[in-house]
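Sequential numbering from 223 applies to the sequence shown in this note's numbering. Where a beta carbon is used, it is the ideal one built from N, C-alpha and C, also for glycine.
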Amino acid sequence: MESSFDEAVLITRPLLPTLQDVTSKLSEVWESKWITNNGFQHQRLESELKSYLNVEYISLFTNGTLALLLGLKSLDLKGEVITTPFTFPATVQALDWNGLTPVFCDIDPETLTIDATKIESLITEKTCAILGVHVFGNPCDVEKIKTIADKYHLKVIYDGAHTFGAKIDGKPISSFGDMTMFSFHATKLFNTVEGGALTFKDEKLVEKLNLLKNFGLAGPEEVVLSGLNAKMNEIQAVIGLEVLKIVEQERQKRHKIKKVYEQNLAHIPGIRILTNLEKDCSSYQYFVIEIDELKYGESRDWIHEELKKYNVYTRKYFYPLCSDFQWYQHLKSAQFSNLPVAQKSVKKVLSMPYYGELDLKSVVKICRIIEDLYISNLGITQKNTKMILS
Ligand code: T4K
223 MESSFDEAVL ITRPLLPTLQ DVTSKLSEVW ESKWITNNGF QHQRLESELK
273 SYLNVEYISL FTNGTLALLL GLKSLDLKGE VITTPFTFPA TVQALDWNGL
323 TPVFCDIDPE TLTIDATKIE SLITEKTCAI LGVHVFGNPC DVEKIKTIAD
373 KYHLKVIYDG AHTFGAKIDG KPISSFGDMT MFSFHATKLF NTVEGGALTF
423 KDEKLVEKLN LLKNFGLAGP EEVVLSGLNA KMNEIQAVIG LEVLKIVEQE
473 RQKRHKIKKV YEQNLAHIPG IRILTNLEKD CSSYQYFVIE IDELKYGESR
523 DWIHEELKKY NVYTRKYFYP LCSDFQWYQH LKSAQFSNLP VAQKSVKKVL
573 SMPYYGELDL KSVVKICRII EDLYISNLGI TQKNTKMILS
């Protein structure tokens, strides 16, 4: 049996540039005495991200949640928005804060994204938009969603919190839908400590979003709409500029880790890998598995607890389902029987430790622990498989 890790293995660690690189950039900010409100670093980051992500328009925000909240606001939406129950609370909370009603649609069992084949039956005269989430970096069925949206004249917004830099068939993921939100939280592939962005195609939204994130101020003495304070500051932007320089390196490290996980989990009965995408298609944001209790012999919750005994801390993203939040219990779409796939998947999915600094031997060891646990459940004492480190 494997021994426990000496130090806790967490689900992720932030991608950090060297302190020296950050401090030398920070001295520019100090000298400028301009530390927020669309400063020089903010403008630089905006322009670098625009070309990195290959987008027409981009707007930076304090965090991804405020980006989504104000992005929805900028589209003047009213009524119902069809969305997924399998996401981080921020997705649906952005709807709540806009006075929009979520209509929960079941998910696809393979990708865990909104099941596009079930959207049309949920459309009513109150439906104004579809809010899809590219969960764990798995893209939604963007083509089918576009067909439905065009037919019913609906807006399409994507929560792309997990998809920094990802592409679909060679096209930037943000080229689908009216708007995409990216999160730059510390736990994301690309981070600005806290931070986020909206990408979009409608030029008119540039000015509107600038107003919405800055109290609706059109000038020192002119307030033209009810906004918020959601600006990214200069320190966040400096971190972003430095992290951007090392993000490709991080993606490559994560690619190797993914391969080692895949090779060493493949033969364990009941374990399925949900984050299969490769190269440009993948943001390498999460490495997620699904546990089939019947085949593995124990449940996802059991593995999650057992791994803690080895000092390995996985996460049950996204448990509980958003549709199970107490304040949605009056909604028909939130009822258990309307979301059979989501209700099943949410009990089976486990996010594994995944970040560039995680060494490959540790990845092998985590896989061995999962295999040992399986074997000990079967009562088998001898492993008949060889672990692969490549
Ligand atoms: N939409 C989706 C689909 C999202 O997943 C998210 C955020 C959003 C919208 C909203 O975007 P933001 O407003 O956050 O930009 C984390 C993140 O806080 C959250 O950004 C993320 N999704 C979510 C999936 O994960 P927690 O509550 O799990 O974070 P926490 O504090 O437990 O951190 C997870 C692990 O990361 C820790 O075990 C250790 C490590 N960690 C974390 C931090 C903050 C570090 O090593 N260093 C750190 O500084 O939510």
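Closer than 8 Å to chain B by CB, residue i
i, result
"residue 567", "In the structure shown, chain B cannot be found, because there is only a single protein chain."
Beta bridge counterpart(s) of residue i as assigned by DSSP
i, result
"residue 444", "441"
"residue 283", "418"
"residue 394", "389"
"residue 571", "512"
"residue 483", "None; residue 483 has no bridge partner."
"residue 353", "305 and 379"
"residue 428", "Per DSSP, none; premise fails for residue 428."
"residue 401", "379 and 422"
"residue 276", "Note: residue 276 sits in no beta bridge, so no partner."
For residue j and residue i, believed in contact at Cβ under 8 Å, the rounded distance
i, j, result
"residue 570", "residue 513", "5 Å"
"residue 398", "residue 406", "Not a contact, Cβ separation roughly 20 Å."
"residue 496", "residue 592", "15 Å between Cβ atoms; not a contact."
"residue 283", "residue 454", "6 Å"
"residue 304", "residue 349", "6 Å"
"residue 288", "residue 462", "The pair is not a contact, with the Cβ atoms about 16 Å apart (cut-off 8 Å)."
"residue 263", "residue 452", "At roughly 17 Å, the Cβ-Cβ gap does not stay under 8 Å, so residue 263 and residue 452 are not in contact."
"residue 439", "residue 295", "At roughly 16 Å, the Cβ-Cβ gap does not stay under 8 Å, so residue 439 and residue 295 are not in contact."
"residue 545", "residue 326", "4 Å"
"residue 292", "residue 317", "Not confirmed; about 13 Å, so no contact."
"residue 505", "residue 387", "6 Å"
Alpha carbon of residue i to alpha carbon of residue j, nearest angstrom
i, j, result
"residue 464", "residue 559", "48 Å"
"residue 277", "residue 269", "10 Å"
"residue 480", "residue 355", "22 Å"
"residue 234", "residue 347", "43 Å"
"residue 237", "residue 385", "16 Å"
"residue 600", "residue 329", "33 Å"
"residue 239", "residue 568", "35 Å"
"residue 582", "residue 510", "17 Å"
"residue 552", "residue 396", "34 Å"
"residue 490", "residue 589", "9 Å"
"residue 427", "residue 364", "22 Å"
"residue 503", "residue 245", "34 Å"
"residue 306", "residue 335", "7 Å"
"residue 332", "residue 415", "31 Å"
"residue 603", "residue 483", "Here the model assigns residue 603 a pLDDT of 43, short of 50, so the residue's position is not dependable and the matter cannot be decided."
"residue 587", "residue 228", "13 Å"
"residue 574", "residue 442", "49 Å"
"residue 595", "residue 547", "33 Å"
"residue 299", "residue 314", "14 Å"
"residue 539", "residue 529", "16 Å"
"residue 549", "residue 362", "26 Å"
"residue 576", "residue 437", "38 Å"
"residue 243", "residue 584", "29 Å"
"residue 251", "residue 526", "44 Å"
"residue 598", "residue 501", "36 Å"
Short Cβ contact (8 Å threshold) for residue i with residue j
i, j, result
"residue 308", "residue 556", "no"
"residue 275", "residue 421", "yes"
"residue 561", "residue 536", "no"
"residue 652", "residue 279", "Since the displayed the chain opens at 223 and closes at 612, residue 652 lies outside it and no answer follows."
"residue 382", "residue 476", "no"
"residue 224", "residue 532", "yes"
"residue 404", "residue 507", "no"
"residue 231", "residue 469", "no"
"residue 261", "residue 429", "no"
"residue 290", "residue 312", "yes"
"residue 281", "residue 466", "no"
> Counting pairs of Cβ atoms below 8 Å between the segment 310 to 324 and the segment 332 to 344, do you hit three or more?
Replying inline: no
> At a cut of 8 Å, does the segment 324 to 340 reach the segment 376 to 390 through at least three beta carbon pairs?
Replying inline: no
> When the Cβ atoms of the segment 438 to 450 are set against those of the segment 240 to 256, are three or more pairs found closer than 8 Å?
Replying inline: no
> Contact between the segment 495 to 510 and the segment 520 to 530: three or more CB pairs below 8 Å?
Replying inline: no
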